[in-house]
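So the sequence lines, in the order shown, correspond to chains X and H. If you're matching positions, the first sequence starts at 0 in numbering that gives the first Met the number 0 and goes up one per residue. If you're matching positions, the second sequence starts at 0 in numbering that gives the first Met the number 0 and goes up one per residue. Idealized CB from N, CA, C, for every residue including glycine. Since the structure is predicted, the reported quantities are computational estimates derived from the model, not experimental observations.
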Amino acid sequence: MTEKQTPPTSMQGPTCPIPHHHTETVVIGHGSGGQMTSDLIKNNFQSRIGNAYLAEGNDAARLDFDGFNGQIAISTDSHVVSPIFYPGGDIGRLSVCGTVNDVAMLGAEPKYLTAGFILEEGFPIESLNRVIDSMAQACIEAGIQIVAGDTKVVEKGKADGIFINTAGFGVIPNNRQIGGQFAQPGDAVIISGTLGDHGIAVLQARGELGFESEITSDVAPLNHMIADLLDAIPNVHVLRDPTRGGLGTSLKEIACQSEVSIRLEEESLPVKPDVRTACELLGFDPIYLANEGKLIVILPEENIEKALNIIKKSPYGVNAMRIGSVFGEDPGMVLLNTAFGSTRIIDMLSGEILPRIC
Amino acid sequence: MSNMGTPKFLSGYRNADLVKTALGEIHKRMTKPWSLMEICGGQTHAIMQYGLDQLLPDSLELVHGPGCPVCVTSLELIDQALWIAKQPDVIFTSFGDMLRVPGSDGDLFSVRASGGQVRVVYSPLDAVEIARNNPDKQVVFFAIGFETTAPANAMAVLQAEKMGLKNFSILAANVLVPPAMHAILGSPDNRIQGFLAAGHVCAVMGYWEYPPIAEQYQTPIVVTGFEPLDLVNGILQTISMLEEDCVAVENAYTRAVTYQGNQAAQAMIKKVFEPVDRNWRGIGSIPKSGFGLRENYRYFDAADRFDSGDIKTEESEICIAGQVLQGLKKPSDCPAFGTLCKPQNPLGAPMVSSEGACAAYYRYGKK
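Here is the structure:
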């Protein structure tokens, strides 16, 4: 293999495939929560059913009603995670927490949920009961009630066991302005705990890792933590749960919504050693892995210590850290300062890394 | 040649102080501009991820090599894979990166969306397991990769043979590093003065193939790893040789690589595969640069088992992947980079793969 090889005849020929845009059929990446999802929402949904509420680009909408003192927050979320039971959680707990959290991210107090079930013929009743018990437990923890529901059954092979849609309703106390569009230069950025636990826990439960670990999902209702935080610090600007697409995608969305840049310190990003190891073996970046019990808080610099103290008192916030700052220049950019003194740009997750994690 | 030390634990290879010391040494030793090529796409990504390119002297050019197996897999092979994956009663298995690489018409994701059974596996042995569990299906594994994946691909074939599986085959697409180095160094357009050899390939193959290459082209080669300290040490050793006008093959990745390499793995490769001429996407045919199945194992060759007939490949003329893969141009030189061509909408394979140079530039914000 060491004899002289003839160089290829043409060293210049530009060769690349015809672009393939994935506009004809839905592919799995459209559900990644990253750029492809964002494009699908913009090009296919907002262009047809867009309005001022959807244009705000948050996970929940803020509604005004004549004669009502305050505003209503409303959100909906479908849950298709596979497998339905995984270390630290299941589709039932996820379907309650996911929607409770989406509502709470507007600074609302979640009050009620609806739940719609799509069940596949042959799904064990025992599993269904486990899922419902888990939902009940999560409702108690979050202090909310499921007040309306729907059940449909489809033929074997037309769904995967169980899918759950939940919608959530909450009340936003008067004048509270919290959302992805309100980050301001001079703000500080907090994450309430370690990154990527949910994504790796689900992947591991699928038996695809080829190794074992003790990573459990972080799925949790964050509304009490948020209530305590907002009671003490009313002028929080942004709350966001970095679910599909991870911290990187969420911060990129916020930077675009608020027209600011966000600078992160790589060394401050909290990642559990097992998760980091799994990421290294599998080639994932924890910044793009899903979380289901983590909170991004963006608030004025002067409140940072107070906020961290409150968040750390919650069982879901003990590893909270300040991870970055908000700036006015380079709007729409998220930048990461490495330990070596270099900088890199964080963009949205561009494809799918793990399908059906929520 | 000494480098800046060998820490005991992995975290040491990311230690900012050690990396900065080695970087300082590079700045001190460089008196002339040099162009080095890192062969492996994993190295390109690590350089971008840690922003090492921003910290090296401006007069040091890092040229990104063809070491991304997804990027260099030929269009003919991808089209063949798409054709096989569309056949009824076939379960087509592949590493995840390959699913988004565009063929002439669509990619494996589109095949899956239109009903084809395409599954992501993390190891070719998983594909063998799928074959065992689905005796009424033909299970095909897309055996891409450099010498690094070849032992596992060979092992899958041997395992399938041992289990007597009649429904397992591989689409052999492995490519080899040394012939590509010959092609690059032998090109009239070559401007590479030193190589960072791909550490993981060398962990399997050793580096006994490299001294004749270094000798023939008078080009120093340093076996280099993937952590920040590995990379700066590899660069430091290479430029030290260049500055001292010395040509040799050195190993800056001693914790993983020996001169002889993993001989058991090499023996397994040799048992199952033989070198064959292979087309590299964007580069062209390179003699004896791929692994094909030997006569004894031809039974497991998906290309023989499935007659895809004549496939007409069609490449567009927009992007410059070929020149990027040969190190003649940078991803950011491409008019489509970051505009028409993005990871979620790739024009070329280097924008798709987690090892692709264009994806590295895009993801880590290199303009």
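Chain X partners of residue i, CB-CB under 8 Å?
i: H/Phe108; result: His21, Val26, Ile27, Gly28
Under the assumption that residue i contacts residue j (Cβ atoms under 8 Å), give the Cβ distance between them as a whole number of angstroms.
i: H/Ala153; j: H/Leu124; result: About 11 Å separates the two Cβ atoms, so there is no contact after all.
i: H/Leu175; j: H/Phe145; result: 7 Å
i: X/Asn302; j: X/Ile345; result: Actually they do not touch by this definition, with Cβ atoms about 25 Å apart.
i: X/Phe162; j: X/Ile117; result: 4 Å
i: H/Ala251; j: H/Val221; result: 5 Å
i: H/Leu157; j: H/Ala301; result: So it is not a contact: roughly 16 Å between Cβ atoms.
i: X/Leu238; j: X/Met347; result: Not confirmed; about 19 Å, so no contact.
i: H/Ala358; j: H/Pro342; result: 5 Å
i: X/Asp240; j: X/Leu298; result: X/Asp240 to X/Leu298, Cβ: 16 Å. No contact.
i: X/Pro330; j: X/Ser260; result: 6 Å
Would you say residue i lies against chain H (beta-carbon separation less than 9 Å)?
i: X/Phe44; result: no
i: X/Arg343; result: yes
i: X/Asp346; result: yes
i: X/Phe326; result: no
i: X/Leu194; result: no
i: X/Leu250; result: no
i: X/Gln34; result: yes
i: X/Leu246; result: no
i: X/Leu53; result: no
i: X/Leu105; result: no
i: X/Leu281; result: yes
Comparing the C-beta of residue i with each C-beta of chain X, is any distance below 9 Å?
i: H/Tyr252; result: no
i: H/Asp135; result: no
i: H/Pro342; result: yes
i: H/Arg99; result: yes
i: H/Tyr298; result: no
i: H/Met0; result: Unreliable positioning characterises H/Met0 in this predicted model, as indicated by a pLDDT of 48, which lies under 50. The coordinate reading is nonetheless provided below. So, not an interface residue.
i: H/Arg131; result: no
i: H/Ala112; result: yes
i: H/Arg13; result: yes
i: H/Tyr121; result: yes
i: H/Leu22; result: yes
Residues of chain H with CB under 7 Å from residue i, in chain order?
i: X/Thr389; result: Nothing in the structure corresponds to residue 389 of chain X, since chain X is present only between 0 and 357.
i: X/Gly340; result: Leu54
At 7 Å on the CB atoms, spell out the chain X contacts of residue i, in chain order.
i: H/Pro219; result: The contacting residues do not exist; H/Pro219 stays about 16 Å from chain X at best.
i: H/Val18; result: Phe339
i: H/Pro227; result: Phe339
i: H/Arg362; result: Asp346
Closer than 7 Å by C-beta to residue i: which residues in its own chain qualify, once you throw out the five before and the five after it? Chain order, please.
i: H/Gly95; result: Val119
i: X/Phe64; result: Ile71
i: X/Asp284; result: Cys278
i: X/Asp264; result: Correcting the residue identity first, residue 264 of chain X is Glu in this sequence and not Asp. Closer than 7 Å at the Cβ level, and outside the excluded window around X/Glu264, lie Ile322, Gly323, Asn336.
i: X/Phe326; result: Pro184, Val259, Ser260, Arg262
i: X/Asp58; result: Ser74, Asp101, Met104
i: X/Thr5; result: Caution applies to X/Thr5, whose pLDDT of 32 falls short of 50 and renders its modelled position unreliable; the value that the coordinates give is listed next. Contacts found: none.
i: X/Ile90; result: His78, Val80, Ile83, Val130, Ile161, Ile163
Would you mind telling me which residues of chain X sit closer than 9 Å to residue i, beta carbon to beta carbon, in chain order?
i: H/Arg304; result: Here the premise fails: no neighbours, minimum Cβ distance about 26 Å.
Starting from the C-beta of residue i, find all residues in its chain whose C-beta is less than 8 Å away, skip the five residues before and the five after it, and write them out in chain order.
i: H/Trp82; result: Phe305, Ser307, Ile310
i: X/Gln203; result: Tyr85, Pro86, Glu211, Ser212, Ile214, Ala277
i: H/Pro372; result: Residue 372 of chain H cannot be examined here, being either before or after the span of chain H that is shown, 0 to 366.
i: H/Ile183; result: Met36, Gly64, Pro65, Asn189, Ile191, Gln325, Gly326
i: X/Lys305; result: Ala231, Ile232
Ordered along the chain, which non-local residues of its own chain (more than five positions away) have a Cβ less than 6 Å from that of residue i?
i: X/Gly148; result: Ala114
i: X/Gln256; result: Gly56, Gly179, Gln180
i: H/Leu98; result: Leu107, Phe108
i: H/Ala266; result: none
i: X/Phe168; result: Ile73, Lys110, Tyr111
i: X/Lys271; result: Thr193
i: X/Gly142; result: none
i: X/Ser77; result: Asn164
Point to revise | Inside the stretch 52 to 90 of chain H only - alpha helix (DSSP H) runs reaching at least 4 residues | key: 68 to 71, 74 to 85
Check your understanding: For the stretch 254 to 295 of chain X, which segments carrying the alpha helix (DSSP H) assignment without a break, of at least 4 residues, lie completely within its bounds, in sequence order?
Key -> Complete alpha helix (DSSP H) runs here, min 4: 272 to 281.
Point to revise | Entirely enclosed beta strand (DSSP E) segments - the stretch 36 to 71 of chain X, minimum 3 residues | key: Within the stretch 36 to 71 of chain X, the runs of beta strand (DSSP E) that reach at least 3 residues and sit entirely inside it are, in chain order, 60 to 62.
Check your understanding: Where are the alpha helix (DSSP H) runs, 4 residues long or more, that stay fully inside the stretch 203 to 279 of chain H, in chain order?
Key -> 209 to 216, 227 to 242, 262 to 271
Point to revise | Residue ranges of each alpha helix (DSSP H) within the stretch 128 to 175 of chain H, 4 or longer | key: You should have 149 to 161.
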